[in-house]
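Quick note, the sequence shown lines up with residues 216 to 563 if you use this note's numbering. For every residue, glycine included, the Cβ atom is placed at its ideal position computed from N, Cα and C. Just so we're clear, the structure is a prediction, and the values are computed from it rather than from any experiment.
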Amino acid sequence: METSIKNYFNRIFGQMLLITCVVFAGLFLSACGKKEEDGDFLLEEDDKLVVYTSHKEEIYGPIVREFEDRTGIWVEVIAGGTNEMLDRIRQEKENPAGDIMFGGGVDSLQVYADCFEAYRSEKSDQLNDAYSSSTDSYTVFSRLPIVICYNSKLVNDASLPRSWVYILNDYWKGKIAFASPENSGSSYTAIESLIQILSEDYGLTEDEIMNRFLDNLDNDLLEKSGAVLDRVISGEKMIGICLEEAALKAMKTNPDLGILYPQEGTTALPDGTAIIKNARHMDNARLFLEFSVCEDVQKLLGDRMYRRSVRVENANGENFERFYDIDRSIADRQRILERFNYIKKETE
Numbered sequence: 216m217e218t219s220i221k222n223y224f225n226r227i228f229g230q231m232l233l234i235t236c237v238v239f240a241g242l243f244l245s246a247c248g249k250k251e252e253d254g255d256f257l258l259e260e261d262d263k264l265v266v267y268t269s270h271k272e273e274i275y276g277p278i279v280r281e282f283e284d285r286t287g288i289w290v291e292v293i294a295g296g297t298n299e300m301l302d303r304i305r306q307e308k309e310n311p312a313g314d315i316m317f318g319g320g321v322d323s324l325q326v327y328a329d330c331f332e333a334y335r336s337e338k339s340d341q342l343n344d345a346y347s348s349s350t351d352s353y354t355v356f357s358r359l360p361i362v363i364c365y366n367s368k369l370v371n372d373a374s375l376p377r378s379w380v381y382i383l384n385d386y387w388k389g390k391i392a393f394a395s396p397e398n399s400g401s402s403y404t405a406i407e408s409l410i411q412i413l414s415e416d417y418g419l420t421e422d423e424i425m426n427r428f429l430d431n432l433d434n435d436l437l438e439k440s441g442a443v444l445d446r447v448i449s450g451e452k453m454i455g456i457c458l459e460e461a462a463l464k465a466m467k468t469n470p471d472l473g474i475l476y477p478q479e480g481t482t483a484l485p486d487g488t489a490i491i492k493n494a495r496h497m498d499n500a501r502l503f504l505e506f507s508v509c510e511d512v513q514k515l516l517g518d519r520m521y522r523r524s525v526r527v528e529n530a531n532g533e534n535f536e537r538f539y540d541i542d543r544s545i546a547d548r549q550r551i552l553e554r555f556n557y558i559k560k561e562t563e
């Protein structure tokens, strides 16, 4: 008898618990802006955002999750390479599926300016305007200096290439890790930086710079920029040219890896965020863009992501940066790449 009563109350309690869960689930879905249609729950359009990104998950993940928590907006992320995402945006121009491009060097974003909505951030007066868009087609997000990395077991302090012009010295022939500028945006920025800096400071011509640099590379161009650090860490190469972000991250687990900032200065070209023209969720795209440059997110860049903020109050004391002419870089890109490949074939 006692067992039957227990079973009865257990059954009643189970039914009540089930009803409670269903009620709370319905309330939760309603609060999230969802509605029931033919048995399926669908998001209201006002609560959606589709983000195209070339960032890695370790960058976009925490930012997207915090944005969702603060706004209640549900974010769909589609990730890929910068060129892949930008080409997709152009192909979808008449009927955009994405709302915002999060990532990509601002020089690349500028090339696709016709695909983006003109929008000036409400925080524009708080941001470094050295690389701002003249057409408001993008907003800067983080700064990414180009650095020289080295293996301290192979390079002593006295022989460190502390100047860009030093890496053109014959001593470094076959000892430099560098990715193909056709595959790597940061490598193209590095080539253009070499040309802009060394022509201005030392009077070298484009061909002199590319001939001497390619000769020192010994026709060994890597497929991806990530392989630069692998070659230097393993000791296959003594030095490499890469992004500060990647080098700082690798230094945490590789104590023999070091970086230096050349004495002439170096490029710290930002990546950016751009709202896709005629985006379906335009208001939410603007909210995300504003969120990307808020104090909390920009502090996160330096604290956890090895990147530099674009907010002016966070740039105090920095003296490594050299101005990079984006317009010149964009205008020169096709010609420089063609010339680079021509010289490479001539020296093979």
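Which value, in whole angstroms, describes the spacing of the CA atoms of Lys568 and Lys452?
-> Since the first residue shown for the chain is 216 and the last is 563, residue 568 is missing from the structure and cannot be characterised.
For Ile491 and Ile564, believed in contact at Cβ under 8 Å, the rounded distance = Only positions 216 to 563 of the chain appear in the structure, and residue 564 is not among them; the question remains open.
Sort out for me which residues DSSP pairs Ala489 with in a bridge.
-> BP columns for Ala489 point to Met316.
Considering only residues of the same chain and omitting the five flanking positions on each side of Gly404, which have a CB-CB separation below 8 Å?
-> Note that residue 404 is Thr in the sequence shown here, rather than Gly. Excluding sequence neighbours, Thr404 sits near Gly320, Asp322, Ile361, Thr482, Leu484, Tyr539, Ser544.
7 Å Cβ shell around Gln341 - same chain, five flanking residues per side excluded = Excluding sequence neighbours, Gln341 sits near Arg526, Val527.
Identify the residues that DSSP records as bridge partners of Ile361: which are they?
-> The partner list for Ile361 (beta bridge, DSSP) reads Leu458.
Taking all protein chains shown into account, decide if Ala333 is buried (16 or more other Cβ within 10 angstroms of its Cβ) or exposed.
-> Its Cβ having fewer than 16 others within 10 Å, Ala333 is exposed.
Looking at C-beta atoms only, is the number of pairs between the region 471-481 and the region 353-371 that lie closer than 8 Å three or more?
-> As far as the Cβ criterion goes, the region 471-481 touches the region 353-371, which means the pair count is three or higher.
Going by CA-CA distance only, name the one from Ala530, Asn556, Ser524 that's closest to Ser357.
-> The option with the nearest alpha carbon to Ser357 is Ser524.
Provide the residue(s) that pair with Ala328 in DSSP beta bridges, ordered along the chain.
-> Residue pairing by DSSP leaves Ala328 without any beta bridge partner.
How long is the line joining the alpha carbons of Thr562 and Glu505, rounded to whole angstroms?
-> Rounded to whole angstroms, the separation of the alpha carbons of Glu505 and Thr562 is 49 Å.
Opening and closing residue of the beta strand (DSSP E) in which Gly473 lies = Its beta strand (DSSP E) spans residues 472-475.
Per-residue DSSP class, three states only, for Glu536 = Shown here, Glu536 sits in a strand according to DSSP, grouped into three states.
Measuring CA to CA, which of Leu375, Asp262, Ala530, Leu444 is closest to Ala392?
-> Per the Cα distances, Leu444.
Report the option in Asp416, Ser414, Cys457, Ala394 whose CA atom is closest to the CA atom of Asp433.
-> Taking only the C-alpha atoms, the option nearest Asp433 is Ala394.
How is Ala392 classed by DSSP in three states: helix, strand or coil?
-> DSSP places Ala392 in strand when its eight states are reduced to three.
Unbroken stretches of the alpha helix (DSSP H), 4 residues or longer, contained in the region 393-426 | The region 393-426 contains these whole alpha helix (DSSP H) runs: 400-417.
Do you know offhand how far Leu429's Cα is from Ala461's?
-> Going from the Cα of Leu429 to the Cα of Ala461 covers about 23 Å.
Where Asp385 and Glu459 are concerned, what is the direct C-alpha to C-alpha distance, given to the nearest angstrom?
-> CA-to-CA, the gap between Asp385 and Glu459 works out to about 25 Å.
Could you give the residue range of the alpha helix (DSSP H) that holds Ala494?
-> DSSP places Ala494 in no alpha helix (DSSP H); its state is neither H nor E.
Could you tell me which residues DSSP puts in a beta bridge with Arg523?
-> The partner list for Arg523 (beta bridge, DSSP) reads Arg358.
Distance CB(Tyr275)-CB(Gly318) smaller than 9 Å = Result yes, Cβ atoms of Tyr275 and Gly318 sit closer than 9 Å.
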